[in-house]
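Since the structure comes first, as structure tokens, the remarks are kept for the end.
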Amino acid sequence: MFQFINTLLIGITSGAIYALMALAIVLVWRSTRVINFAQAGQALASTYFGYQALQYIDSFWIALIIAMAGGAILSALIEVIFMRILLKHTTSGAIAGVAPIIATLGLLEIIRTLVTLKWGGADVIVKAPLSNTGFSIGSNTLVFSPMKLAIIAVVTVLLLVFSVIFQKTSIGLSLRASAFSPELARLAGIRVDRIRTLGWAFSGATGAVAGLLLVTNGNGSLSPASLEFSLLLISGFIAAVIGGLESLLGSVVGGVALGIITAFVLMYISDSLFFIAPFVVLLLVLFIRPQGVLGKKGGRRA
Amino acid sequence: MHKLSNKARIAIFIVLGFVIFLISNRVDELRVYQGATVAVYVVGIASIILLTGYSGQVSLGQGALLGVGGYAAALARLHWGVSVPVSFAIAILAAAAAGALLGVAAARLSGPYLAGTTLALAVGLPSIANQFTFLGGEQGLFYDVGFPPASLGEDFTQYKWFFWIAALATLLAIFWLQNVMRSRYGRTWKAIRGSDIAAELAGINIARVKILAFTLSAGVAGLAGALLAMTIGTVSPSAFPLALSFSLLTGAVLSGVTTLGGVMIGAVTLVAIPEIVHSVVDRIGASEAVATNLPSLIVSALLIVTVIFVPNGPVEQMRTKSKKVKSL
Chain A
7 MFQFINTLLI GITSGAIYAL MALAIVLVWR STRVINFAQA GQALASTYFG YQALQYIDSF
67 WIALIIAMAG GAILSALIEV IFMRILLKHT TSGAIAGVAP IIATLGLLEI IRTLVTLKWG
127 GADVIVKAPL SNTGFSIGSN TLVFSPMKLA IIAVVTVLLL VFSVIFQKTS IGLSLRASAF
187 SPELARLAGI RVDRIRTLGW AFSGATGAVA GLLLVTNGNG SLSPASLEFS LLLISGFIAA
247 VIGGLESLLG SVVGGVALGI ITAFVLMYIS DSLFFIAPFV VLLLVLFIRP QGVLGKKGGR
307 RA
Chain B
4 MHKLSNKARI AIFIVLGFVI FLISNRVDEL RVYQGATVAV YVVGIASIIL LTGYSGQVSL
64 GQGALLGVGG YAAALARLHW GVSVPVSFAI AILAAAAAGA LLGVAAARLS GPYLAGTTLA
124 LAVGLPSIAN QFTFLGGEQG LFYDVGFPPA SLGEDFTQYK WFFWIAALAT LLAIFWLQNV
184 MRSRYGRTWK AIRGSDIAAE LAGINIARVK ILAFTLSAGV AGLAGALLAM TIGTVSPSAF
244 PLALSFSLLT GAVLSGVTTL GGVMIGAVTL VAIPEIVHSV VDRIGASEAV ATNLPSLIVS
304 ALLIVTVIFV PNGPVEQMRT KSKKVKSL
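Residue numbers (the working numbering), protein chains in the order written: chain A, 7 to 308; chain B, 4 to 331.
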């Protein structure tokens, strides 16, 4: 029982981080119909923004906000400078369908290289603001630590803020309308281009939080070549697919579900399945419910 | 190239092989090794062109299939002691089998889903090799094609031997690929790429044809993997990183995915840019960090510029231009 709860808590924590990445992917997908693989690079860069901020200030939480702002600006710039031109040019031709995907991969490499040039290839340490030693209950020590609790809290707060923005404000209404039908939204007087940029900015900020929390949830070391960010991207993508790729709530559910499933497989079956478990989950979802667990029928678009 | 008869094509390939043979005797050791690398890239890029350009599917995980081929070749040679050509054949078959499995999944997936799934494979497969002891963990396995035969003379170097094997395998692979693309299947793939609905109405079984494309492409990728393993001498997770998948994809886009005609462009670019950057950096005396990172920056920028301005590749671009001029 003790082990069960422990595993569940670990799963929820990493799942919360996957959920953020899934959210970042879904926000861009809804506004632009592109899976933004560069998000792994953006999250990496934003995490370095946070690391840089921590060199001047002591508070991790202020650094987190700076990283979010940096990530949002970076993401918005990518949309304005790069995606607009790209989508305008690649409307026809043999690889029109895959060109944006390939281009975001190129962008991922560019961001990663620039980060390496700026901060060097060696590991740097982002110090966690709270202890990563687990709570103890009686004589047992949980793996669940104050830092993990804080991660769940941060993700919850962020999700609440998002749901207020999306459900209660006129900006949120514009975002939802533009995602539902850009043409209709434009006719209704919404500046779809600006709203799209805003969606990218939200996505960048979310990715920044995912990146910083990922690093502090682990051992705090950060390097441009780290496989962790690629894995974060993949986990986020899988979580988004579980959620149906369209729904914000779905991606959160997908992320947490993926985190819990992975944690239980690692604990109870074998810890060598670290990668295989999410991949099998992805294939199962794609075969059994390609529209996503929460998605509607016909929601899967090319 | 489409109007050439088979005899003429065979003749061209023989002449091409002879020219490559002559060049390999004239240049120094480093260039010969780079030539072998170009050959590996040519085969890898061709496998992507077959898949993406001809059947319209995208694979971001071609590096993983190269890995399957490389490991299969190494295992076969280590445990069964098969000859080099047989180990190549085993690499092709193993990767094709993996590709068939992937193809069954891929045939049901469109655009972003397929891209994400293959990307997941590229990230994860190399790390799986770490989990099993018979795959040699982080160190990997040795893959040794042996010394060049003594009959070639005393000063015939190992690298030249690599290059000869790679060049011959590449020529055969490209010749075979051209045949496939000119066949009924090639036309079917083009039809699907044009419009899968129209193709289906014309009576083409889309799923089956897509799976076949994935299988053949994976087989070619497996050959590239075995060749890569040969030039490095080992197979290990670090030999088939995510970056390899990206490089091949970049090479394919630079070559132009719709035709095999430009396949050399991408392969040579991938090998030449680091070389050029290094010599330029040496001359202007920039730092080591710049020298190591600048090539990937330039290659990625080229990728993006190509995708935006010449999405079908330079060769196709020139063809359309010359057609326009003729019609005027």
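Idealized CB from N, CA, C, for every residue including glycine.
Distance from the CA atom of V299/A to the CA atom of G249/A, rounded to whole angstroms, is 6 Å.
The beta carbon of L218/A sits closer than 6 Å to those of T53, G56, L70 and A73, all from its chain and outside the five residues before and after it, given in chain order.
Of all residues in the region 130-145 of chain B, only S130, I131, N133, Q134 and F135 come within less than 9 Å of chain A when Cβ atoms are compared, listed by chain position. Among the CB atoms of chain B, none fall inside 8 Å of the CB of G256/A. Put simply, the backbone Cα of P88/B is about 12 Å away from that of G149/B. DSSP places N42/A outside any alpha helix (DSSP H), giving it a letter other than H or E. Excluding sequence positions up to five before and after T222/A, its CB lies within less than 7 Å of the CB of V132, A134 and M153, all in the same chain and listed in chain order. Going by beta carbons, S186/B and F281/A fall outside the 8 Å limit. A97/B is the residue among V41/B, A97/B, I17/B and L81/B whose C-alpha sits nearest the C-alpha of G225/B.
Interface with chain A (8 Å Cβ-Cβ cutoff): I279/B is excluded.
Taken atom to atom, the span from the alpha-carbon of I311/B to that of Q142/B is near 40 Å. When secondary structure is reduced to three states using DSSP, S169/A falls in the helix class. As the crow flies, the alpha-carbon of V212/B is around 36 Å from that of A275/B. Taking the C-beta atoms as reference points, T218/B is found no nearer than 8 Å to A108/B. The C-alpha of A270/B lies about 21 Å from the C-alpha of G236/B. For F16/B, the closest Cβ of chain A is not nearer than 8 Å.
Rounded to whole angstroms, the separation of the alpha carbons of L297/B and D285/B is 13 Å.
Membership of P188/A in the alpha helix (DSSP H) is indicated by the continuous run P188 to L193. In the three-state scheme derived from DSSP, where H, G and I count as helix and E and B as strand, T162/A is classed as helix. Counted as a single uninterrupted DSSP element, the alpha helix (DSSP H) harbouring Y188/B occupies residues R187 to G197. The beta-bridge partner set that DSSP reports for N146/A consists of I143/A. Interface annotation, S209/A: not in contact with chain B, CB-CB separation never under 8 Å. Going by beta carbons, G242/A and Y62/A fall outside the 8 Å limit. DSSP places V130/A in the strand class (E or B) of the three-state scheme.
With a cutoff of 8 Å on beta-carbon distance, V32/A and W206/A are scored as not near each other.
Between L69/B and F243/B, the C-beta gap is smaller than 8 Å, which places the two residues in contact.
Comparing alpha-carbon positions, the option among M89/A, K94/A and T13/A lying closest to A109/A turns out to be M89/A. Of Y146/B, W164/B and D147/B, the smallest CA-CA separation from A153/B is found for W164/B.
In the DSSP assignment, E115/A falls within the alpha helix (DSSP H) that extends over A105 to W125.
Interface flag for L68/B against chain A is unset, since no Cβ pair is found closer than 8 Å. In summary, E252/A is buried, with 16 or more beta-carbon neighbours lying within 10 Å of its beta-carbon over all protein chains present. Cβ neighbours of G66/B within its own chain (closer than 6 Å, five residues either side excluded): A125, F243, L247 and S248. Contact note: Y116/B reaches chain A through V247, L292, P296 and R306, using a C-beta cutoff of 8 Å and chain order. Bridge pairing for V238/B: L144/B [DSSP]. In the pairwise beta carbon analysis, the region 73-82 of chain B is classified as not touching the region 47-58 of chain B: fewer than three pairs are separated by under 8 Å. For L252/B against L111/A, the beta-carbon gap comes to about 7 Å, under 8 Å, which counts as contact.
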